[in-house]
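What follows is one structure encoded as structure tokens, with my remarks underneath.
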Amino acid sequence: SIEQRMATKDDVAALEDSMHALEHRVEHIEQTMATKDDIASIEQHMATKDDVALVPAIREMVGQLMERMTVVELHVQEIPSIKQQIEQLSQQMEEGFEKIAHQETILQALSLRSIQQANDIHYLKTNVISTK
Numbered sequence: 003s004i005e006q007r008m009a010t011k012d013d014v015a016a017l018e019d020s021m022h023a024l025e026h027r028v029e030h031i032e033q034t035m036a037t038k039d040d041i042a043s044i045e046q047h048m049a050t051k052d053d054v055a056l057v058p059a060i061r062e063m064v065g066q067l068m069e070r071m072t073v074v075e076l077h078v079q080e081i082p083s084i085k086q087q088i089e090q091l092s093q094q095m096e097e098g099f100e101k102i103a104h105q106e107t108i109l110q111a112l113s114l115r116s117i118q119q120a121n122d123i124h125y126l127k128t129n130v131i132s133t134k
């Protein structure tokens, strides 16, 4: 019968509630869905296949840089020791120059004495020979 096939007010109300719920879900999806501008922005900032292909090479280069930095850090740690060695060598050189200066003074004194002795010998030879 027609009455059995007709929708009741409750059926219509239930359908309206379902439609409102669907509308609400669609609005939520539309609000959270990315726009064309969002997608374009993502595409602009997204890495390309070529960019991704460079990743292993970049990792290798970063690894090499890290190794070099380790070597540099080791050399930097050696600097205080090297400075101390330089200071010690500088002091030893200063002491060596002082010894050389002292030896030059001694050599000058010995040279003067040698010249005096040579003069004395010459004087003695001259006077001894002339007195004979």
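If you want our numbering, it's the position in the sequence shown, counting the first as 1, plus 2.
Backbone N, C-alpha and C fix where the C-beta goes; we use that ideal spot for every residue, glycine too.
Within the same chain, and ignoring the five residues on either side of R27 in sequence, no residue has its Cβ closer than 8 angstroms to its Cβ. Secondary structure of A36 (DSSP, three-state): coil. By the criterion of a C-beta distance shorter than 6 angstroms, D13 is surrounded by no residue of its chain, once the five residues flanking it on both sides are discounted. Look at A42 here: in three-state DSSP terms it is helix.
As the crow flies, the alpha-carbon of V78 is around 16 angstroms from that of L67.
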